[in-house]
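Engineer: Take this structure, written in structure tokens, and hold onto it; I'll ask about it next.
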Amino acid sequence: MKKFLLLGDVHGNYPALNSIGKYIQPQRFDRIINTGDFTVYSTFPNETIEWFREKKNTICILGNTDRRVLRILKGKKLKRPKKDEKRVMYFWTSENLHPENITYLKSLPKQTDLTVSHIRIGVFHGTFNDPDEELYPSAPERRFHELAKDSRYQVHIMGHSHVPFYKVVDGVHFINTGSVGRMFDGDPRASFAILKVSSGKIAVEHFRIPYAVEEVLKGLKNHDLPDIYAKMFRIGKKLN
Ligand SMILES: [Fe+2]
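Plus 99 on top of the position in the sequence shown (first one is 1) and you've got this note's numbering.
Below, the structure is given as structure tokens:
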């Protein structure tokens, strides 16, 4: 049996990531998979990236926030987001990332895949044909049928919508890890999932665990970043 730790949408929230690491012992897993959005909205992008970098068994891809940070670093204009309070978080991140972590982000793909016991597993931020598609469990059933029909993968591991779910449609397994560091459902605890694959069998379990939100609030305060994010992390809701 192969065991995978599924993480995603950490958004620089190292205290949440570190709590998962302590709770779950990452070394017990064959692979640690990260569906992207390492950065933005919390003040620990370096610690977050380094947590993944220092492990040998990770499979990581970029998310939309990481791609935007890289665009800023290339000197390109940031068209979106439009809201000032969001833009501040992007620019703060791009100014504070260490060079070796920038190099690491630049080395990552937008999506990837692996094969385990003849099962093809795709890793996406959104979906395989659009990294920015927010796929919710409440999406029309026909969208899942379309994705299942067009897909080369039996298992889709996804992030981006920040909503943890597991759905099997037409024999295709759709797993959203939820967000490690920026939950939207009113429960501020960190979300992650575990995938087990053994001789054609697939098992998925989701978890929510508490972490020291005060550490995140302290980081935002120390760097004079918008108050709206302190509230967002405290209550676990999207506010802007
Ligand atoms: Fe995200």
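Cβ atoms here follow ideal geometry from the backbone N, Cα and C, with glycine treated the same way.
Would a C-beta distance cut-off of 8 angstroms place N160 and L207 closer than the cut-off?
Structural biologist: Here residue 160 refers to the residue found at position 61 when the sequence shown is read from its first residue. Here residue 207 refers to the residue found at position 108 when the sequence shown is read from its first residue. Checking the sequence, you will find Ile at residue 160 rather than Asn. It is a contact, given that the beta carbons lie within the stated cut-off.
Engineer: Given 8 angstroms as the limit, is there contact between the segment 107-118 and the segment 138-145, that is, 3 or more CB pairs closer than that?
Structural biologist: Yes, they touch.
Engineer: Within the present structure, is the beta-carbon of S206 separated from the nearest heavy atom of ligand 1 by less than 7 angstroms?
Structural biologist: What you label residue 206 is simply residue 107 of the sequence shown in a count that begins at 1. No, the Cβ of S206 stays beyond 7 angstroms of every heavy atom of ligand 1.
Engineer: How long is the line joining the alpha carbons of I123 and K101, rounded to whole angstroms?
Structural biologist: The count along the sequence shown starts at 1 and reaches residue 123 at position 24. The count along the sequence shown starts at 1 and reaches residue 101 at position 2. Each residue's alpha carbon lies about 16 angstroms from the other.
Engineer: Around ligand 1, which residues pass a check of Cβ closer than 5 angstroms to any of its heavy atoms?
Structural biologist: So the residues near ligand 1 by this Cβ test are D108, D136.
Engineer: Could you tell me which residues DSSP puts in a beta bridge with I99?
Structural biologist: One cannot answer for residue 99 here, as it falls past the ends of the chain, which runs 100 to 339.
Engineer: Just the C-alpha distance for I327 and R179, rounded to the nearest angstrom, thanks.
Structural biologist: Start at 1 with the first residue of the sequence shown, and residue 327 comes out as number 228. Start at 1 with the first residue of the sequence shown, and residue 179 comes out as number 80. Straight-line Cα distance between these residues: approximately 18 angstroms.
Engineer: By alpha-carbon positions, which one of P309, F128, D183, V222 ends up nearest to G162?
Structural biologist: To locate residue 162, count along the sequence shown from 1; it is residue 63. Minimum Cα distance to G162 is reached at V222.
Engineer: Pull up the distance between the alpha-carbon of K330 and that of D286, whole angstroms please.
Structural biologist: Within the sequence shown, numbered from 1, the residue matching residue 330 stands at position 231. Within the sequence shown, numbered from 1, the residue matching residue 286 stands at position 187. Straight-line Cα distance between these residues: approximately 13 angstroms.
Engineer: Which value, in whole angstroms, describes the spacing of the CA atoms of F306 and F291?
Structural biologist: Position 207 of the sequence shown, counting from 1, holds the residue named residue 306. Position 192 of the sequence shown, counting from 1, holds the residue named residue 291. The alpha-carbon atoms of F306 and F291 are separated by roughly 5 angstroms.
Engineer: Can you say whether L338 is buried or exposed, counting buried as having 16 or more other CB atoms within 10 angstroms of its CB?
Structural biologist: By 1-based counting over the sequence shown, the position of residue 338 is 239. Burial call: exposed.
Engineer: Who are the near neighbours of L169 in its chain, counting only those whose CB is closer than 7 angstroms to its CB and skipping five residues on each side?
Structural biologist: Position 70 of the sequence shown, counted from the first residue, corresponds to residue 169. Once the five neighbours on either side are set aside, the close Cβ partners of L169 are L204, K205.
Engineer: For P125, which option in P309, I158, H197, L177 has the closest C-alpha, if you only look at C-alpha atoms?
Structural biologist: Here residue 125 is taken as the residue at index 26 of the sequence shown, counted from 1. Comparing Cα positions, the closest option is I158.
Engineer: Please determine, among F283, G318, L213, R242, the residue with the shortest C-alpha to C-alpha distance to V267.
Structural biologist: Translated into the one-based positions of the sequence shown, residue 267 becomes position 168. Comparing Cα positions, the closest option is R242.
Engineer: So what does DSSP say about P118, is it helix, strand or coil?
Structural biologist: Along the sequence shown, one-based indexing puts residue 118 at 19. Looking at the sequence provided, one finds Ser at residue 118 rather than Pro. Three-state DSSP puts S118 in a helix.
Engineer: Specify the secondary structure class of G270 as computed by DSSP and reduced to three states.
Structural biologist: Taking the sequence shown and counting its residues from 1, one reaches residue 270 at position 171. Of the three classes helix, strand and coil, the one that applies to G270 here is coil, per DSSP.
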